[in-house]
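Residue numbers (my numbering): 1244 to 1571.
Note that CB positions come from ideal geometry on N, CA and C, so glycine has one too.
Data block below; observations after.
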């Protein structure tokens, strides 16, 4: 499953953060693809359209989203509530793409938000730092209809967010703010609940789990798989000249994450880590990435798998941290 790609263009002036996406600055930005089910194309397409767009300047990363919804509702008003208990829009940001130390924000149609930082994914034992805040964050919601009123049919809601680069810099692990050509891993999610009208108000349909619709599909009902998030590349180019430049090391990174998932499956079956790549049943590293060697070494903490491309060495370990170093 190939992650989505998006070119984020520099804005000559910051957009007003009012929840509307009709300003000329927002019009410069391309829409993402329409969201799909979190598990991918094997699942039914979402009932309602969701799409997003991004801009950047030296001060902030700007995110806008358009959320089609015939019945806009929300209940949570306290900051740092578990917002996905309402219908929501979510942003996930891993600046250096190492699967660790990433950021999440959730927001509902009442403009109530929850921001947190993950030391590492939940699957790897990572705690969520709920006390972490985004200083200077600006958010706004516009409802095209009437919120919490079942008597009419709404068009939906839109949201705009401005993330100051200073909020990410300490934990980004890379240049922050980025420069033209840098690429971050980012994804967007929408949680949707089926509802009925009971005594004049919206009530979740009993026994129906939430729908999870995303920009870049995860392959599982789990947003905390940063290796599947989309690639967002920043550019100074004009929108009509903006073109995504793939990283030639992407096949090596994807292969190493296949090793990670195969090791987890091996450990589940046998109660131990595999000491060899061959025992995992994986193909050789991708030759189109000029990979010339692959190693798998056990350690007291777990294991590390590495691939030397001739220019740099990429590695992943048992807690899914992915990193690169210059080749020796």
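Query	Result
Same chain only: Cβ atoms within 6 Å of residue 1533, ignoring 5 sequence neighbours per side	In this prediction, residue 1533 scores a pLDDT of 47, lower than 50, which makes its location untrustworthy; no coordinate-derived value is stated.
Three-way DSSP call (helix, strand, coil) for residue 1533 in this model	Caution applies to residue 1533, whose pLDDT of 47 falls short of 50 and renders its modelled position unreliable; the model cannot decide the point.
Inter-residue Cα distance where the pair is residue 1293 and residue 1470	22 Å
According to DSSP, residues forming a beta bridge with residue 1455	1434
Simplified DSSP state of residue 1547, which is helix, strand or coil	strand
The stretch 1368-1381 contacting the stretch 1262-1274, beta-carbon criterion three pairs below 8 Å	no
Presumed contact (8 Å Cβ cut-off) between residue 1577 and residue 1355, rounded CB distance	With the chain covering 1244 to 1571 only, the question about residue 1577 has no answer from this structure.
Beta strand (DSSP E) segment containing residue 1382, residue limits	1381-1387
Which residues DSSP lists as bridging residue 1331, in chain order	1434
Buried/exposed call for residue 1567, threshold 16 Cβ in 10 Å	buried
Simplified DSSP assignment, three categories, for residue 1409	helix
Chain-order list of residues whose beta-carbon lies under 8 Å from that of residue 1520 (same chain, five-residue window excluded)	1502, 1537, 1539 and 1548
Check: residue 1516 C-beta below 7 Å from any heavy atom of the ligand NAD	With respect to the ligand NAD, the structure offers nothing, as it holds no ligand at all.
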